[in-house]
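K.L.:
Chains as they are written, first to last, in this note's numbering: chain L, 17 to 382; chain A, 6 to 202.
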Amino acid sequence: MVVTLIVSVAIITAIATLLALLLVIADATVGNYGDVSITINNERELIVPGGQPLLSLLVSEGIFIPSACGGRGSCGLCKVQVVEGGGAYLPTELPWMSPEEIANQMRLSCQFKVKNPIKIIIPEELFLVKEFTTQVEKIVDLTHDIKEVTLKLIDPPIIEPKAGQFVQFQVPEYALSDESVYRAYSMASSPSNQNHVELQIRLVPHGICTTYVHEHLKVGETIMINGPYGEFYLRDNDRDLIFIAGGSGMAPIKAILLDMAERGDKRRATYFFGARTRKDLFLLDEMKELEGRLENFTFIPALSEPAAEDKWEGEVGLITEVVRRRATNGQNSEAYLCGSPGMIDACIAVLHDIGVAEDAVYYDKF
Amino acid sequence: MGNFLFPVAVFFAAIFTDNILLTNYLGMCSFLAVSKELETSAGLGIAVTFVLAVTTPLNWAVYYLVLVPFQLEYLRFIVFIIIIAAFVQLIEMVIERYSENLYFSLGIFLPLITVNCAILGASLFMVIREYSFITSFFFGLGSGIGWFIAIMAMAGIRNKLRGAKIPIGLEGAGIALIIAGFMAMAFMGFSGMIQIT
Chain L
17 MVVTLIVSVA
27 IITAIATLLA
37 LLLVIADATV
47 GNYGDVSITI
57 NNERELIVPG
67 GQPLLSLLVS
77 EGIFIPSACG
87 GRGSCGLCKV
97 QVVEGGGAYL
107 PTELPWMSPE
117 EIANQMRLSC
127 QFKVKNPIKI
137 IIPEELFLVK
147 EFTTQVEKIV
157 DLTHDIKEVT
167 LKLIDPPIIE
177 PKAGQFVQFQ
187 VPEYALSDES
197 VYRAYSMASS
207 PSNQNHVELQ
217 IRLVPHGICT
227 TYVHEHLKVG
237 ETIMINGPYG
247 EFYLRDNDRD
257 LIFIAGGSGM
267 APIKAILLDM
277 AERGDKRRAT
287 YFFGARTRKD
297 LFLLDEMKEL
307 EGRLENFTFI
317 PALSEPAAED
327 KWEGEVGLIT
337 EVVRRRATNG
347 QNSEAYLCGS
357 PGMIDACIAV
367 LHDIGVAEDA
377 VYYDKF
Chain A
6 MGNFLFPVAV
16 FFAAIFTDNI
26 LLTNYLGMCS
36 FLAVSKELET
46 SAGLGIAVTF
56 VLAVTTPLNW
66 AVYYLVLVPF
76 QLEYLRFIVF
86 IIIIAAFVQL
96 IEMVIERYSE
106 NLYFSLGIFL
116 PLITVNCAIL
126 GASLFMVIRE
136 YSFITSFFFG
146 LGSGIGWFIA
156 IMAMAGIRNK
166 LRGAKIPIGL
176 EGAGIALIIA
186 GFMAMAFMGF
196 SGMIQIT
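1. Could you tell me whether any Cβ in chain L is nearer than 9 Å to the Cβ of A/N24?
2. Keeping to the same chain, check which residues put their C-beta closer than 6 Å to that of A/G147; ignore five residues upstream and five downstream.
3. In its own chain, which residues sit with a C-beta less than 8 Å from the C-beta of L/I272, not counting the 5 before and 5 after it?
4. Determine whether the Cβ of L/D51 lies closer than 9 Å to any Cβ atom of chain A.
5. Beta-carbon of A/L115 versus every beta-carbon of chain L: anything under 9 Å?
6. I'd like to check one pair, L/P322 with L/L300: are the Cβ atoms closer than 9 Å?
7. Could you tell me the distance, in whole angstroms, from the CA atom of L/L233 to the CA atom of L/S193?
8. Any beta-carbon of chain L closer than 9 Å to the one on A/T45?
9. Please confirm whether L/I118 has its beta-carbon closer than 9 Å to some beta-carbon of chain A.
10. For the 8 Å Cβ check, are there 3 or more pairs between the stretch 124 to 140 of chain L and the stretch 99 to 114 of chain L?
11. Just confirm the distance between the C-beta atoms of L/E153 and L/V235, as a whole number of angstroms; I'd bet it's less than 8 Å.
12. When the cut-off is 9 Å and only beta carbons count, does A/V71 lie next to chain L?
13. Mapping DSSP to helix, strand and coil, what is L/Y379?
14. Taking Cβ-Cβ distances below 7 Å as the criterion, which residues of the stretch 89 to 117 of chain A are in contact with chain L?
15. In the DSSP assignment, what residue or residues form a beta bridge with L/E61?
16. Compare the C-beta of L/V64 with all C-beta atoms of chain B and state if any pair is closer than 9 Å.
17. Can you give me the start and stop residues for the alpha helix (DSSP H) that L/S349 sits inside?
18. Are the C-beta of L/G265 and some C-beta of chain A separated by less than 9 Å?
19. Give a yes or no on whether the C-beta atoms belonging to L/L257 and L/R292 are separated by under 9 Å.
20. Does the pairing of the stretch 141 to 157 of chain A with the stretch 58 to 66 of chain A give three or more beta-carbon distances under 8 Å?
21. Measure the CB-CB distance between A/L115 and A/A185 and report whether it falls below 9 Å.
22. Does the Cβ of L/S83 have 16 or more other Cβ atoms within 10 Å, making it buried, or fewer, making it exposed?
23. Kindly say whether A/L63, judged by its beta-carbon, lies nearer than 9 Å to any beta-carbon of chain L.
24. By the criterion of Cβ-Cβ separation under 8 Å, what are the contact partners of A/F75 in chain L?
25. Take L/I360 as the anchor and find which of L/I370, L/A376, L/T336 has the nearest alpha-carbon.
26. Reducing DSSP to helix, strand and coil, say where L/P82 ends up.
27. So, does the CB of L/I316 fall closer than 9 Å to a CB anywhere in chain A?
28. Can you round the beta-carbon distance between L/S125 and L/I81 to whole angstroms, since I take them to be within the 8 Å contact cut?
Structure (structure tokens):
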């Protein structure tokens, strides 16, 4: 009996050891691609161990490419231009690639493994992207379902975003999620406030991050964020501005307005903010104050279903109807939209009708 | 039937009369999941054929040279599983290194079939039916080809089904299982062609 026991354990161990040894040897020989070089923008050269995905190699060198899924190939965000040494596309990349992107040699960096020297092009602003250790300084209720979270940057202590950009917020593992995940939120703070990042986070039922923020997050807690990212920032020209937002879409627009106020920007600007009832409206005082500081700025809040007790005297109706009523001549305007995909699509149609050029509409869908 | 011809008979039986997928219903999950496109079906089918043809005789060798002498036949499940897993991983590494084309068409399917029950099933049948080493090879190869034919036929049918009006409740896996059932019945027509076991 004892002999059988020992023999069976020994045999299984021997087989497993042999196979493991075989795999270790294979990994060191067949799977070893040696060191390879990555040349970035023709100026910087990194020497990295080959055979690994480009995304993780860049992260280990402190270069953060926006990615929402953490390298599983399911979000399609981490695209990088590989101008030399790219080779053929993987079947796991193709679903995310448009013909133009293939023509531009864009690759999904979490799937593309670096096995030989390559040359890549990374937009300069991504070098500004860093990972920040922060501390929760303040949590304020803006409405019944939106919280404003202020993070103080600890290390590094300074962020240099453009107004309107977003950061990724790392949610630690907790009851709803057994791994830490990233979620993107626009910064509501002015870029000049370089030591702080302000986020407006609306509770989504069963949302991993929003539930964490609304029910678990405490003042003083340490939170990791990375950023800044995004193409949602004010373009420099003299066109009139139309801002449209709903709910927590307030955040990036507020940052842009604060930035305009600090720069003494005189562009004509109209901000349409849509909410259902009075209790969904917030930051009205701040907007009033901005109207005072900005010469040509008008804030137009609109309620779609004002309750009788709201005693609402402002605009009533869906935000699309209000925009159509109040902004009639859009030829010399550009528009910045932030809100739900449904709201944005509806607004794009209205903006098209009032004459705003298609390439003058910028938006952040969430 | 002479001993010389027996492996050949087993080979054809594994393709037609004893098709591992359509008569034993093994390897169903990847069969249902991947059979939407002809091209990916072919890649997966070839990968399954290759792994079956190699792991069945490999497991034969380990079973008769190691487990039987030590009277440890009952350990065959766990031993077969780790051998299949290690072999698949090894092949994937080799293919990724030496042939980009092969990696794209076949290599990325390999991790999918580590847990394909048809592959473990073939090794276990090989033991139950007391096949010889040569017969095991032909049995593995035949089972793989049978699986390949079944998934290609399924992918062809599903391609034709595009745009067909299917009751909502039967869309996806539902209609695929019904088709697989008809295919299995069609393959019953082969029985009697060869008698083994």
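For each residue, glycine too, the CB sits at the ideal point set by N, CA and C.
Model, not experiment: these values are computed from the prediction.
P.N.:
According to the structure shown:
1. no
2. F16, A19, I20
3. A179, G180, Y249, L250, F259, Y352
4. no
5. no
6. no
7. 15 Å
8. yes
9. no
10. yes
11. Contact check for L/E153 and L/V235: beta-carbon distance about 7 Å, within the 8 Å limit, so the pair qualifies.
12. yes
13. strand
14. A91, Q94, L95, M98, V99, R102, E105, F109, I113
15. Note: L/E61 sits in a beta bridge opposite L/T55.
16. Absence of chain B from the displayed structure is noted, the protein chains being L and A.
17. Looking at the DSSP string, L/S349 is not in any alpha helix (DSSP H); the run it does join, the beta strand (DSSP E), is 349 to 355.
18. It does not: the Cβ of L/G265 has no partner Cβ on chain A nearer than 9 Å.
19. no
20. yes
21. No, they are not a contact pair.
22. buried
23. Any Cβ of chain L closer than 9 Å to the Cβ of A/L63 would place that residue at the interface, and such an atom is absent.
24. V23, S24, I27
25. L/T336
26. coil
27. Contact of L/I316 with chain A is not assigned, every C-beta pair being separated by 9 Å or more.
28. 6 Å
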